[in-house]
Structures are given as C-alpha cells and as structure tokens.
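Chemist:
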Amino acid sequence: MENQCFICEQSSDVVVYRQNGFESRLCPDCGLLYCNPLPQDNEVDFERDFHDDSFYKMPAKYKAKWLAKKIGYGKDFLEVGSGKGHLLNELANGGFQVAGLEPNPIRINYMRDTYSIEAHQGLLEDYEFYERKFGVVFHVDLLAHFPDPFLALEKMKSLVEKDGYISFEVGIIGGISNFWYRFFTFGLPQHRWLYSEKSMEKFLKKANLIILHRTSHSLIPYFILKRISSIILISILSRFLKPVIGKKAAVLIRLNQSFSTFLRYNVGRYFPNYGPLTILYITKPVS
Ligand SMILES: [Zn+2]
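Quick note, the sequence shown lines up with residues 8 to 294 if you use our numbering.
#1: First and last residue of the beta strand (DSSP E) that includes lysine 291?
#2: So for threonine 192, helix, strand or coil by DSSP?
#3: Enumerate in chain order the residues of its own chain whose CB-to-CB distance from glutamate 50 is below 7 Å, with the five nearest sequence positions on each side excluded.
#4: Under 6 Å from any heavy atom of ligand 1, by CB: list those residues in chain order, please.
#5: Taking just the CA atoms, how far does isoleucine 238 sit from glutamate 161?
#6: Considering only residues of the region 199-224, which uninterrupted alpha helix (DSSP H) runs meet the minimum length of 4 residues and lie entirely inside it, listed in chain order?
#7: Among the residues of its own chain, which have a CB less than 6 Å from the CB of glutamine 104, if the five just before and after it don't count?
#8: Hey, how far is the Cα of arginine 199 from the Cα of lysine 76?
#9: Based on Cα-Cα distance, which residue from Asn280, Ala257, Ser225 lies nearest to arginine 271?
#10: Where does leucine 226 sit, in a helix, a strand or coil, going by DSSP?
#11: Could you tell me the distance, in whole angstroms, from the CA atom of tyrosine 281 to the CA atom of isoleucine 179?
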C-alpha cells in the first residue's frame with residue numbers, strides 16, 4: 008500500500024534511500040522520511056531489536072543523569088520498550104520508582120530476575136494499565152516504529168499523571184545532506200518514519216506536546232571515529248592476538264563499545280548540530 012507523511016498527509020516522489028525492496032521518501036513539507044510502500048503487519052517483527060545490548064547499556068548512566076537533572080529525582084517512571092531494563096536500573100539507583108513495558112519475554116525475565124524491576128509484557132497500543140499513572144513516560148527510538156505515532160503519543164498521554172512528562176530519544180536523519188547516508192543503514196521497513204528536526208517540531212505541536220528540554224548530539228564524531236577505531240580493533244585482533252583471542256578480544260570489543268558511546272553522547276553533545284543527530288526531548292502535554 009502507498010504510504011505518505013503521517014504528519015502533513017502528503018506524498019512525495021523524492022526517494023533518498025532504498026533497502027529490502029522499500030524506499031525512504033522525503034516529505035517536501037517537513038522533511039520526514041517515510042517508508043514506501045507501507046510494510047505489511049507480518050513484515051515487521053516488533054520484538055526484534057537490531058541494536059546490540061551495549062547500545063542501551065552503555066549510555067544508560069548518561070541518560071539517567073540528564074533526566075534526573077532536568078526533572079528531578081523520585082519520579083514514577085515508565086519506559087516503553089524497556090529492553091533488559093538497563094536505563095530503568097540506573098534510574099532506580101538514583102531514587103526513581105521504575106516500571107518497564109516490553110514485548111519480548113526473554114528481556115522481561117532479565118528485567119525481573121537481574122534488576123528486580125516491575126515488568127509488564129506487551130505492546131503500548133493494546134496494553135491495559137487500568138488506573139495506573141506515571142510521572143514520566145519515556146522511550147528510545149520508538150517513534151520510528153509505531154504504525155500510528157499520533158495514537159502512540161495519545162496512549163502515553165493517557166498514562167501520565169497531571170503535570171507528568173513524556174520524554175524520548177529520537178534519531179534525526181531527515182532534511183540533511185544525502186552524503187551522510189553512506190555511514191549507516193536506514194533499517195527499512197522496520198523504520199517507517201525517520202525524522203527531521205522540522206518534522207519533530209510539527210509532529211509534537213500537532214500532538215499537543217510542549218517541548219520543555221532538549222539536548223542534541225551530533226553523530227558525526229561517532230560515524231567518523233568509530234570507523235577508524237573499528238579498523239584498528241580488527242587489525243589488532245587479527246595480527247597480534249590470534250593465539251589468545253577469547254578474553255582479550257572481549258575486553259577490546261567492550262572498549263570499542265564504550266568508545267562508541269562516548270563519541271555518540273559525550274563528544275556529540277559539544278559538536279555543532281549538523282548532519283545526523285540523536286536528540287533527547289522532555290515534553291509535557293498542553294493542559
Ligand atoms: Zn511531512
């Protein structure tokens with residue numbers, strides 16, 4: 008089925024990327040990249056995660072610190088798509104009451120058994136929390152996946168208490184030069200919507216959410232230096248460590264992962280806001 012920009016309800020002929028028989032088309036109005044055609048329900052597995060665990064675990068402390076600094080400690084916090092609960096664990100250590108909603112049963116068990124976190128198994132759109140409300144509803148990179156992002160935000164709004172926050176991280180790759188598209192894959196068709204800064208602003212305004220705080224991180228240092236560090240790592244592994252590859256390889260891989268996280272957030276934060284970004288937002292429903 009033909010897809011269109013869900014924010015402007017406009018279609019476009021401008022194709023910026025192709026993958027797995029799908030295209031990313033650029034909305035002429037807001038710069039959103041929408042996946043075309045629209046994937047069938049059975050073409051996307053919502054339980055599958057394409058990032059490895061370190062992608063969530065390593066920056067958990069950084070994000071927990073930023074959230075606590077902006078909204079204060081002690082909030083009742085729900086993460087949608089909480090994975091194994093690494094961020095929630097950091098927040099719990101900082102005095103938040105935390106709960107996670109996650110469709111994957113293995114990750115649910117990990118959250119419960121390793122971190123003793125209150126874990127709810129399911130998808131946001133049809134999970135029933137009854138009267139339960141939260142001070143903060145948070146998610147990472149889910150706005151790219153929701154079949155109907157407006158509906159998902161409405162559901163989140165119904166879960167926050169009065170004066171509560173809706174907070175999230177989102178990758179920004181729309182409305183930038185095509186040059187950057189050689190550094191990563193778009194992940195089609197699971198990423199239905201890839202945002203530009205302009206489309207985020209338009210989307211949040213239409214969803215009646217006010218932006219209170221945002222911090223953006225340029226991914227340029229990560230894309231450039233990560234390549235170099237990976238090449239060095241591979242050459243070290245293949246040349247010098249062949250006979251003792253097990254433990255030392257694991258240490259080097261971990262080092263490489265924490266270097267990546269450092270580049271994405273700690274360095275990216277101070278780099279000019281140019282090219283692909285990842286942005287943390289804290290918003291509030293218009294009262
Ligand atoms: Zn648009």
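Beta carbons are placed, not taken as given, at the ideal position from N, Cα and C, and that holds for glycine.
Modeler: Reading from the atomic positions:
#1: 284-292
#2: coil
#3: Pro196
#4: Cys12, Ile14, Cys15, Gln17, Cys34, Asp36, Cys37, Leu39, Ser206
#5: 44 Å
#6: 204-213
#7: Asp83
#8: Their Cα atoms are separated by approximately 32 Å.
#9: Distance from the Cα of arginine 271 is smallest, within the candidate group Asn280, Ala257, Ser225, for Ser225.
#10: coil
#11: 10 Å
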